[in-house]
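Engineer: The structure is given below, and queries will be raised subsequently.
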Amino acid sequence: MCNSFFNMQLPLPAELIDHIFSFLQEYPSALKACSKALPLCSRLAERYLYANIVIDPQAPDVSHLILKNPRLLGCPRTLEIRSHFDTPAPISIISAIPRMANLVSLKICGPCRPHYEFFSTFRNCIQQSSFQELQLFHFPNLPLSILDGARNIKRLTLYDCAANEPISTSLPLLSLETLVLSNYQHPCTHRWAMRWVSHLTSLKLQEISLDFDWAAFPELLAECSNSLTELHLDMSDCMCYVSMISQI
Amino acid sequence: MYLIVAYGDELPFTLSALIHLKRLSIYVEVYSTEIETNWALPEIIRVANTTPAIQKVDLRLHYRFSGPDTTYLAQLDWSRLGHLKSNSTGKCHLIDLCVTGDFTRPDSIRDALVANESLMGMVKRGLVRTY
Numbered sequence: 000m001c002n003s004f005f006n007m008q009l010p011l012p013a014e015l016i017d018h019i020f021s022f023l024q025e026y027p028s029a030l031k032a033c034s035k036a037l038p039l040c041s042r043l044a045e046r047y048l049y050a051n052i053v054i055d056p057q058a059p060d061v062s063h064l065i066l067k068n069p070r071l072l073g074c075p076r077t078l079e080i081r082s083h084f085d086t087p088a089p090i091s092i093i094s095a096i097p098r099m100a101n102l103v104s105l106k107i108c109g110p111c112r113p114h115y116e117f118f119s120t121f122r123n124c125i126q127q128s129s130f131q132e133l134q135l136f137h138f139p140n141l142p143l144s145i146l147d148g149a150r151n152i153k154r155l156t157l158y159d160c161a162a163n164e165p166i167s168t169s170l171p172l173l174s175l176e177t178l179v180l181s182n183y184q185h186p187c188t189h190r191w192a193m194r195w196v197s198h199l200t201s202l203k204l205q206e207i208s209l210d211f212d213w214a215a216f217p218e219l220l221a222e223c224s225n226s227l228t229e230l231h232l233d234m235s236d237c238m239c240y241v242s243m244i245s246q247i
Numbered sequence: 000m001y002l003i004v005a006y007g008d009e010l011p012f013t014l015s016a017l018i019h020l021k022r023l024s025i026y027v028e029v030y031s032t033e034i035e036t037n038w039a040l041p042e043i044i045r046v047a048n049t050t051p052a053i054q055k056v057d058l059r060l061h062y063r064f065s066g067p068d069t070t071y072l073a074q075l076d077w078s079r080l081g082h083l084k085s086n087s088t089g090k091c092h093l094i095d096l097c098v099t100g101d102f103t104r105p106d107s108i109r110d111a112l113v114a115n116e117s118l119m120g121m122v123k124r125g126l127v128r129t130y
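From first to last, the protein sequence lines stand for chains A and B.
Residues in the first sequence are numbered from 0 upward in steps of one, following numbering that gives the first Met the number 0.
Residues in the second sequence are numbered from 0 upward in steps of one, following numbering that gives the first Met the number 0.
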């Protein structure tokens with residue numbers, strides 16, 4: 000085994016090494032060490048090293064690495080894109096998403112300056128077939144009609160996202176199994192959500208406000224009443240809100 | 000509980016239409032000044048019992064204590080948890096109960112709950128799990 004190792008051949012069948020590497024996903028430093036043993040090991044380790052990617056403008060190295068090495072685009076299974084107030088929307092990485100053939104989950108923490116190009120690029124990227132989960136945070140002007148066409152997404156989280164457009168009359172392709180609505184506080188958001196929940200099995204409402212959300216809640220429940228098996232209600236902030244009202 | 004006060008002692012919905020609902024999780028915050036007068040539990044029980052197929056209720060109560068004293072937790076009427084049962088079948092739900100609070104250590108809350116005979120009786124019968 001030792002000789003074969005130094006002859007630059009894999010000491011074990013590639014499938015076995017790949018299986019071993021799969022257990023090291025939680026230990027990136029160990030994976031990195033293994034990947035340096037042989038060039039072939041490096042290739043095998045890549046899909047685990049880059050399986051869960053976080054893109055942060057304050058640490059742009061990962062983004063540059065992915066964009067400069069097209070073969071790595073097949074590695075990510077989960078991708079989190081963070082933005083900061085003083086950075087532009089991450090169009091370049093969003094544009095690369097359609098080439099991430101194995102991406103299952105995407106989380107975007109709202110860009111502070113979303114514009115037409117961002118939403119147009121985003122609309123294209125959420126069509127891809129591997130996509131199953133989408134989490135959006137802090138998009139106060141998100142055109143929710145974009146989500147109508149995301150036929151493969153089964154789990155959707157909207158945190159502090161609002162609709163700013165009338166409800167479409169066309170049938171949506173999006174049909175969810177899990178929906179998390181948090182801090183949405185906009186009367187249109189639940190009406191958009193009602194279009195996607197006829198097969199919903201899990202509904203979670205967090206940080207819900209009384210004036211908009213509770214009024215909409217029975218309607219939302221009615222739409223998913225034939226399929227819902229799990230309901231999570233976080234009413235913790237309701238009390239604070241009404242407390243504030245009671246003091247007025 | 001302010002929410003119940005705001006809605007005339009009733010949550011503004013029932014869950015009777017959710018014929019496949021198996022699990023309900025509820026997280027509420029209760030202010031220490033409201034515990035005796037407007038405790039949330041009866042209303043949660045009323046709503047939960049309207050579901051025809053529910054099997055498990057995760058109940059997380061967070062108490063906004065004004066200080067570290069948790070003795071009144073032991074004095075609360077925890078026997079009400081025994082009323083969590085389906086209106087249609089009469090079968091009791093399995094309850095996962097989590098109690099947390101401000102300004103208190105978890106072991107202080109645990110000791111207060113252990114001192115309540117009614118609650119511990121339900122724990123011993125397997126109806127309630129605390130964590």
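All C-beta atoms, glycine included, are put in the ideal place defined by N, C-alpha and C.
1. With distance defined between alpha-carbon atoms, name the residue in A/Asn140, A/Ser144, A/Ser62, A/His137 nearest to A/Asn123.
2. Under DSSP, the alpha helix (DSSP H) around A/Phe118 begins and ends at which residues?
3. Taking a Cβ distance cut-off of 9 Å, strictly less, list which residues of the segment 217 to 228 of chain A are near chain B, in chain order.
4. My guess is that A/Asn151 and A/Gln131 are in contact by the Cβ rule of under 8 Å, so how many angstroms apart are they, rounded?
5. Pick helix, strand or coil for B/Ala5, following the three-state DSSP scheme.
6. Helix, strand or coil for B/Ala39? Go by DSSP, reduced to three states.
7. Suppose the cutoff is 6 Å on Cβ atoms and the five residues either side in sequence are ignored; what does the same chain contact list for B/Ala114 look like?
8. Between the C-alpha atoms of A/Phe121 and A/Cys223, what's the straight-line distance to the nearest angstrom?
9. Taking 7 Å as the threshold (beta carbon to beta carbon), is A/Ser174 in contact with chain B?
10. Which ranges would you report for the beta strand (DSSP E) in the segment 27 to 86 of chain A if only whole runs of at least 3 residues count?
11. Step through the CB atoms of chain B and report whether any lies within less than 7 Å of the CB of A/Ile16.
12. Report the neighbours of A/Ser235 on chain B: residues whose CB is nearer than 8 Å to its CB, in chain order.
13. For A/Phe5, I'd like the list of residues in its chain whose CB is within less than 8 Å of its CB, leaving aside the five on either flank, ordered along the chain.
14. Cα-Cα, which of B/Tyr30, B/Tyr62, B/Leu23, B/Met119 is closest to B/Arg45?
15. Taking C-beta to C-beta, are B/Lys21 and B/Gln54 nearer than 7 Å?
16. Give the secondary structure of B/Tyr71 by DSSP, where H, G and I count as helix, E and B as strand, and everything else as coil.
17. Specify the secondary structure class of B/Lys21 as computed by DSSP and reduced to three states.
18. Strictly under 7 Å for the Cβ-Cβ distance: is A/Leu71 near chain B by that measure?
19. Specify, as a first and last residue, the run of the beta strand (DSSP E) that B/Val98 falls within.
20. Counting only C-beta atoms, is B/Lys90 closer than 7 Å to chain A at any point?
21. Measuring CA to CA, which of A/Leu232, A/Pro139, A/Cys108, A/Leu15 is closest to A/Leu216?
22. Interface residues of chain A around B/Leu96 at Cβ under 8 Å?
23. Taking 8 Å as the cut-off, does the segment 60 to 69 of chain B touch the segment 98 to 105 of chain B (at least 3 CB pairs, one atom from each stretch)?
24. How many Å lie between B/Gly125 and B/Leu93 at the Cα?
25. Starting from A/His189, find everything on chain B with Cβ-Cβ shorter than 9 Å and list it in chain order.
26. Kindly indicate if chain A contains any beta-carbon less than 7 Å away from that of B/Arg45.
27. State yes or no: is the C-beta of A/Ala149 within less than 7 Å of the C-beta of A/Ile125?
28. Note down the Cα distance separating B/Ala47 from B/Gly89, rounded to an integer number of angstroms.
29. Tell me which residue opens and which closes the beta strand (DSSP E) that B/Thr49 is part of.
30. Hey, could you find the ends of the beta strand (DSSP E) A/Leu143 is sitting in?
Structural biologist: Looking at the coordinates:
1. Within the first sequence, the letter at position 124 stands for residue 123 of chain A. The residue with the shortest Cα to Cα distance from A/Asn123 is A/Ser144.
2. Counting from one through the first sequence, the residue named residue 118 of chain A turns up at place 119. For A/Phe118, the uninterrupted alpha helix (DSSP H) segment begins and ends at 115 to 124.
3. For the segment 217 to 228 of chain A, the set of positions with a beta-carbon nearer than 9 Å to some beta-carbon of chain B reads Pro217, Leu220, Ala221, Cys223, Ser224, Asn225, Ser226, Leu227, Thr228 in chain order.
4. Reading the first sequence from its first residue, position 152 is the one you call residue 151 of chain A. Reading the first sequence from its first residue, position 132 is the one you call residue 131 of chain A. The Cβ separation is near 6 Å, so the contact holds.
5. Locating residue 5 of chain B in the second sequence gives position 6, where the first residue counts as 1. Legend: pLDDT at B/Ala5 = 43, less than 50; position of this residue unreliable, value from coordinates given subsequently. Residue state, collapsed to three classes: helix.
6. Counting from one through the second sequence, the residue named residue 39 of chain B turns up at place 40. Correct three-state label for B/Ala39: coil.
7. Taking the second sequence and counting its residues from 1, the one referred to as residue 114 of chain B is at position 115. Cβ neighbours of B/Ala114 beyond the five flanking positions: Ala73.
8. The residue you call residue 121 of chain A lines up with position 122 of the first sequence. The residue you call residue 223 of chain A lines up with position 224 of the first sequence. Between the alpha carbons of A/Phe121 and A/Cys223 lies a gap of roughly 27 Å.
9. As a first step, residue 174 of chain A is located in the first sequence; it is residue number 175 there, counting from the start. By this cut-off, A/Ser174 is not an interface position.
10. DSSP runs (the beta strand (DSSP E)) wholly in the segment 27 to 86 of chain A: 51 to 54, 77 to 80.
11. Taking the first residue of the first sequence as position 1, residue 16 of chain A is located at position 17. It does not; no Cβ of chain B falls within 7 Å.
12. The residue you call residue 235 of chain A lines up with position 236 of the first sequence. Chain-ordered, the chain B residues with CB closer than 8 Å to the CB of A/Ser235 read Tyr26, Val27, Glu28, His61.
13. Taking the first residue of the first sequence as position 1, residue 5 of chain A is located at position 6. Unreliable placement is indicated for A/Phe5, whose pLDDT of 44 sits below 50; no coordinate value is reported for it.
14. In the second sequence, counting from the first residue as 1, residue 45 of chain B sits at position 46. Distances from the alpha-carbon of B/Arg45 to those of B/Tyr30, B/Tyr62, B/Leu23, B/Met119 put B/Leu23 closest.
15. Counting from 1 along the second sequence, the entry for residue 21 of chain B is found at position 22. Counting from 1 along the second sequence, the entry for residue 54 of chain B is found at position 55. Going by C-beta atoms, B/Lys21 is nearer than 7 Å to B/Gln54.
16. Locating residue 71 of chain B in the second sequence gives position 72, where the first residue counts as 1. Shown here, B/Tyr71 sits in a helix according to DSSP, grouped into three states.
17. The sequence position of residue 21 of chain B within the second sequence is 22, counting from 1. Note: B/Lys21 maps to coil in three-state DSSP.
18. For this step, residue 71 of chain A is matched to residue 72 along the first sequence. A/Leu71 does not count as touching chain B.
19. Residue mapping note: residue 98 of chain B aligns to position 99 of the second sequence, counting from 1. Unbroken beta strand (DSSP E) run through B/Val98: 93 to 100.
20. Taking the second sequence and counting its residues from 1, one reaches residue 90 of chain B at position 91. Answer no: the Cβ-Cβ gap between B/Lys90 and chain A never drops below 7 Å.
21. Taking the first sequence and counting its residues from 1, the one referred to as residue 216 of chain A is at position 217. The question names Leu, yet the displayed sequence has Phe at residue 216 of chain A. Comparing alpha carbon positions, the residue from A/Leu232, A/Pro139, A/Cys108, A/Leu15 closest to A/Phe216 is A/Leu232.
22. Here residue 96 of chain B refers to the residue found at position 97 of the second sequence. Neighbours of B/Leu96 across chain A, judged by C-beta separation under 8 Å, do not exist; the nearest C-beta is about 16 Å away.
23. Per the Cβ contact rule, the segment 98 to 105 of chain B is in contact with the segment 60 to 69 of chain B (3 or more Cβ pairs under 8 Å).
24. The residue labelled residue 125 of chain B in the question sits at position 126 within the second sequence. The residue labelled residue 93 of chain B in the question sits at position 94 within the second sequence. In this structure, the CA atom of B/Gly125 is about 8 Å from the CA atom of B/Leu93.
25. Here residue 189 of chain A is taken as the residue at index 190 of the first sequence, counted from 1. Neighbours of A/His189 in chain B, taken as residues at a C-beta separation under 9 Å, are lacking, since the least C-beta distance is about 13 Å.
26. Numbered from its first residue, the second sequence carries residue 45 of chain B at position 46. Not an interface residue.
27. The residue labelled residue 149 of chain A in the question sits at position 150 within the first sequence. The residue labelled residue 125 of chain A in the question sits at position 126 within the first sequence. It is a contact, given that the beta carbons lie within the stated cut-off.
28. The residue given as residue 47 of chain B occupies position 48 in the second sequence. The residue given as residue 89 of chain B occupies position 90 in the second sequence. Answer to the nearest angstrom: the Cα atoms are 12 Å apart.
29. Numbered from 1 along the second sequence, position 50 holds the residue referred to as residue 49 of chain B. For B/Thr49, there is no enclosing beta strand (DSSP E), as DSSP gives it neither H nor E.
30. Here the question's residue 143 of chain A lines up with position 144 in the first sequence. Per DSSP, A/Leu143 lies in no beta strand (DSSP E) segment and is marked neither H nor E.
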